[in-house]
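Written out below as structure tokens is the structure these notes cover.
There are 2 protein chains.
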Amino acid sequence: MQNLLAEYHDKLSSNNYKLTSQRKDILTVLINNKDRHFSVEDLYNEVKKVNPDVGLATIYRNLELFCSLNITHMLEFESDYKHYELVSEDDHHHHLICMNCDKIIEFNDEDLVKFEERLAEEYDFDMVKHYIKFYGYCNSCQNSNEGEME
Amino acid sequence: MQNLLAEYHDKLSSNNYKLTSQRKDILTVLINNKDRHFSVEDLYNEVKKVNPDVGLATIYRNLELFCSLNITHMLEFESDYKHYELVSEDDHHHHLICMNCDKIIEFNDEDLVKFEERLAEEYDFDMVKHYIKFYGYCNSCQNSNEGEME
DNA sequence: TTGGCTGCAAATGGTTTGCACTAAT
DNA sequence: ATTAGTGCAAACCATTTGCAGCCAA
Chain A
-7 MQNLLAEYHD KLSSNNYKLT SQRKDILTVL INNKDRHFSV EDLYNEVKKV
43 NPDVGLATIY RNLELFCSLN ITHMLEFESD YKHYELVSED DHHHHLICMN
93 CDKIIEFNDE DLVKFEERLA EEYDFDMVKH YIKFYGYCNS CQNSNEGEME
Chain B
-7 MQNLLAEYHD KLSSNNYKLT SQRKDILTVL INNKDRHFSV EDLYNEVKKV
43 NPDVGLATIY RNLELFCSLN ITHMLEFESD YKHYELVSED DHHHHLICMN
93 CDKIIEFNDE DLVKFEERLA EEYDFDMVKH YIKFYGYCNS CQNSNEGEME
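These protein sequence lines are chains A and B, in that order.
According to my numbering, the stretch in the first sequence is residues -7 to 142, in order.
According to my numbering, the stretch in the second sequence is residues -7 to 142, in order.
Below you can see the structure in the form of structure tokens.
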């Protein structure tokens, strides 16, 4: 855990950015919630629990900075606001998103890597990153009456 | 071409919506540019060529309507504004997006369907739709010096 | 005829920015 | 000490909404 923070500290310093207390607080929240995807507002509220004086603009500015340093990346959900999460080593996970309860199931898949390789060759495309999202109804919502089964 | 317009007319009428001249103009532009993805602004400008008096709010309101009727759907590019395109029968195409020149290559793939089926079973997920986007550098940008090869 | 549609302009709300102050190095 | 970073509030800008007039059915 602390290793990660140290790693990010290094990344900041080596790019001539300072490790301010706000940045430390934001990163700590992200590290302690590796499996969550935060909206800016969510992250803001979480950081305020640790540092009530933090400003919303600081969250915005630092998420932008962290993304440029590949510490975080933006997720593109079908939402009106942006979501962010830490970039992790085993970062080839994707999302199954329930259209009823908004639950997000993450998955990894080997086959996707092969698929991507084939695609890259076929279209002579130098693949950098991909976003894959599946929308549908999760187990619980299929079985309840709330999931609209037309 | 005209078949499509008639089809959309039916869909509108049967849902108690009128085929106004503005709606006809918007649909015509979309039909005549099936392979383009429009930002709202782009579509607005295109429709204005035919009907200079059309209002921007009308474009917004009708794209929302068309999406609810499954005539169009929203694309989620890494952009600050939403993009739309017509829903088509053979609609399992996805996007390779060049990070240098912003070119968008569309592709279809059989394997993706199989992959999706396996995933649905594995996670007991009732799949409705998916968004798959690959980011990287296209052929031309790999070979020019403009694509940054770090 | 008449209720849905439209154009206009004002409002909304997530995000960005200017500025004076603060703090990490 | 110096300059990057911060909090605040105002600005920004894509999108939404209220309303009076208009037109497809």
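Ideal placement from N, C-alpha and C gives every residue a C-beta, glycine not left out.
Bounding residues of the beta strand (DSSP E) (the contiguous stretch that carries Val120 (chain A)): As a working mapping, residue 120 (chain A) is identified with position 128 in the first sequence. 118 to 129 is the extent of the beta strand (DSSP E) around Val120 (chain A).
Cβ-based neighbour list, Val42 (chain A), same chain, cut-off 6 Å, excluding 5 preceding and 5 following: To locate residue 42 (chain A), count along the first sequence from 1; it is residue 50. Excluding sequence neighbours, Val42 (chain A) sits near Asp17.
Interface flag, Asn7 (chain B) vs chain A, CB-CB below 8 Å: Here the question's residue 7 (chain B) lines up with position 15 in the second sequence. Chain A contact via Cβ: absent.
Span of the alpha helix (DSSP H) around Glu70 (chain A): If you number the first sequence from 1, residue 70 (chain A) lands on position 78. Note, Glu70 (chain A): premise wrong, no alpha helix (DSSP H); not H, not E.
CA nearest to the CA of Arg230 (chain A), picked from A:Glu(-1), A:Arg15, A:Gln134: Lying outside -7 to 142, the shown extent of chain A, residue 230 (chain A) is not represented and no answer is given.
Contacting positions in the stretch 72 to 98 of chain B - beta carbon closer than 7 Å to chain A: Across the stretch 72 to 98 of chain B, CB contacts with chain A closer than 7 Å involve Leu88, Met91, Ile97, in sequence order along the chain.
Environment of Glu102 (chain B) [buried if 16+ CB atoms lie within 10 Å]: Position 110 of the second sequence, counted from the first residue, corresponds to residue 102 (chain B). Exposed: under 16 other Cβ atoms inside 10 Å.
Cβ-Cβ distance between Gly47 (chain A) and Asp118 (chain B) below 8 Å: Indexing the first sequence from 1 puts residue 47 (chain A) at position 55. Indexing the second sequence from 1 puts residue 118 (chain B) at position 126. Contact flag unset, no.
Inside the stretch 40 to 107 of chain B only - beta strand (DSSP E) runs reaching at least 3 residues: Here the runs fully enclosed are 64 to 67, 75 to 78, 85 to 90, 96 to 100.
At least three beta-carbon pairs within less than 8 Å, the stretch 25 to 37 of chain A to the stretch 73 to 81 of chain A: Enough Cβ pairs lie closer than 8 Å, so yes.
Local Cβ density within 10 Å of Thr12 (chain A), reported as buried at 16 or more and exposed below that: Locating residue 12 (chain A) in the first sequence gives position 20, where the first residue counts as 1. Burial call: exposed.
Own chain, CB closer than 7 Å to Phe99 (chain A), minus 5 neighbours either side, in chain order: Here the question's residue 99 (chain A) lines up with position 107 in the first sequence. Here the set comprises His85, His86, Leu88.
8 Å Cβ cutoff met for Cys59 (chain B) and Cys93 (chain B): By one-based count along the second sequence, residue 59 (chain B) stands at place 67. By one-based count along the second sequence, residue 93 (chain B) stands at place 101. Cys93 (chain B) sits away from Cys59 (chain B), with the two beta carbons spaced by 8 Å or more.
C-beta atoms of Phe126 (chain A) and Glu108 (chain B) nearer than 8 Å: In the first sequence, residue 126 (chain A) corresponds to position 134, counting from 1. In the second sequence, residue 108 (chain B) corresponds to position 116, counting from 1. Going by C-beta atoms, Phe126 (chain A) is nearer than 8 Å to Glu108 (chain B).
Sequence-distant residues of the same chain with beta carbon closer than 6 Å to Leu22 (chain B), five excluded per side: As a first step, residue 22 (chain B) must be located in the second sequence, where it is residue number 30. Correct list, in chain order: Leu78.
Residue from B:Asn7, B:Asp72, B:Cys130, B:Asn131 whose Cα sits closest to the Cα of Ile63 (chain B): What you label residue 63 (chain B) is simply residue 71 of the second sequence in a count that begins at 1. Looking from the CA of Ile63 (chain B), the closest CA among B:Asn7, B:Asp72, B:Cys130, B:Asn131 belongs to B:Asn7.
Short CB-CB distance (under 8 Å) between His122 (chain A) and chain B: By one-based count along the first sequence, residue 122 (chain A) stands at place 130. Output row for His122 (chain A): interface = yes.
Run of the alpha helix (DSSP H) containing Thr20 (chain A), from where it starts to where it stops: For the purposes of this step, residue 20 (chain A) is taken as the residue at position 28 of the first sequence. For Thr20 (chain A), the uninterrupted alpha helix (DSSP H) run begins and ends at 13 to 24, by DSSP.
Bridge-paired residues (DSSP) for Ser31 (chain A): Position 39 of the first sequence, counted from the first residue, corresponds to residue 31 (chain A). For Ser31 (chain A), DSSP records a beta bridge to A:His75.
Under 7 Å from the C-beta of Cys130 (chain B): neighbouring residues of chain A: Residue mapping note: residue 130 (chain B) aligns to position 138 of the second sequence, counting from 1. Those within 7 Å of Cys130 (chain B) in chain A are Phe117.
Cβ-based burial, Val39 (chain B) [other Cβ within 10 Å; buried from 16]: If you number the second sequence from 1, residue 39 (chain B) lands on position 47. With a 10 Å radius around the Cβ and a threshold of 16 neighbouring Cβ atoms, Val39 (chain B) comes out buried.
Met91 (chain A) beta carbon less than 8 Å from that of Val120 (chain B): Position 128 of the second sequence, counting from 1, holds the residue named residue 120 (chain B). Position 99 of the first sequence, counting from 1, holds the residue named residue 91 (chain A). Contact: yes.
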